[in-house]
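> A single structure is presented below for examination.
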Ligand SMILES: [Ca+2]
């Protein structure tokens, strides 16, 4: 065997070893830990109705109206990304969004996009990631979000008989992977779980959450994963926060939501936009 052939063979063996070690990681206690396997990926080459539906709902006293079907370009998909926006259309118009008690949203000049994978892509535990950026940030009333919600949530759209559980009880639990509160933050997002207090509409937003610095107008990967009984939050793959022991409180299938809310009466100039390159869910193979 000449030296070149030997080198090639050596390199081939190294490559094979690398592949094996990537798919089967041996943990400290000697058990084989499987690597992540993608079971859902949307890279927004087009808007895929098999993955997403528009969600029209009035939940946090927002001033905007969620509109469907990319009306006013509120959820544009172009050049491989999704653009979820809030837009001031200059004149008040009727809004069909209802709150959870059936009250209709007042007329408003602000329209916005919100999509959910409810009843389309729902998964138990695993790992959810999105690669996204904001066009602008740190302005009062901004509230863009990338988050997951329990599949038995009883809010619109209700399409299956088991969607009867009120937020944030088990079955309707909420985990916020990325939220940006423009009133309080500039280059910062918050990440964490809403801790259920055991009654409808009673969730602790703050004790399971952390603010994390990031350059928000550049693309980053924001993820949450179940690791044992913990929830681990990552920014570009690096752990930035952990809800210790909270993971088992979210045993239900969950769906993804991408939305941009405007949450106060503060005047808004221009267009607010969250651009999403892709969303994926992975499970341990
Ligand atoms: Ca369902």
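Numbering (our numbering), first residue to last: 189 to 473.
All C-beta atoms, glycine included, are put in the ideal place defined by N, C-alpha and C.
1. Following the continuous beta strand (DSSP E) through residue 224, name the residue where it begins and the one where it ends.
2. Take every Cβ of the region 402 to 411, pair it with every Cβ of the region 319 to 329, and state whether three or more of those distances are shorter than 8 Å.
3. Kindly give me the distance between the Cβ atoms of residue 227 and residue 466, rounded to whole angstroms, as I take these residues to be in contact under 8 Å.
4. Please report the distance separating the alpha-carbon of residue 333 from that of residue 280.
5. Who are the Cβ neighbours of residue 503 in its own chain at under 7 Å, not counting the five residues just before and after it?
6. Between residue 312 and residue 223, which are expected to be in contact by the criterion C-beta below 8 Å, what is the C-beta distance as a whole number of angstroms?
7. Assuming residue 328 and residue 454 form a contact by the criterion Cβ under 8 Å, report the distance between their Cβ atoms to the nearest whole angstrom.
8. With contact counted as at least three CB pairs below 8 Å, one residue from each stretch, are the region 282 to 292 and the region 423 to 438 in contact?
9. Taking all protein chains shown into account, do 16 or more other C-beta atoms lie within 10 angstroms of the C-beta of residue 390, making it buried, or fewer, making it exposed?
10. Mapping DSSP to helix, strand and coil, what is residue 242?
11. In angstroms with no decimal places, state the Cα-to-Cα distance between residue 449 and residue 282.
12. If you check the beta carbons only, do residue 471 and residue 314 fall under 7 Å apart?
13. With H, G and I counted as helix, E and B as strand and the rest as coil, what does DSSP make of residue 278?
14. Whose CA, out of 233, 374, 377 and 468, lies closest to the CA of residue 267?
To lay it out plainly:
1. 224 to 230
2. yes
3. About 14 Å; that fails the 8 Å criterion.
4. 25 Å
5. Within the shown structure, residues of the chain are numbered from 189 to 473, placing residue 503 beyond reach of any answer.
6. Contact flag wrong, Cβ pair sits at about 18 Å.
7. 4 Å
8. no
9. exposed
10. strand
11. 17 Å
12. yes
13. strand
14. 233
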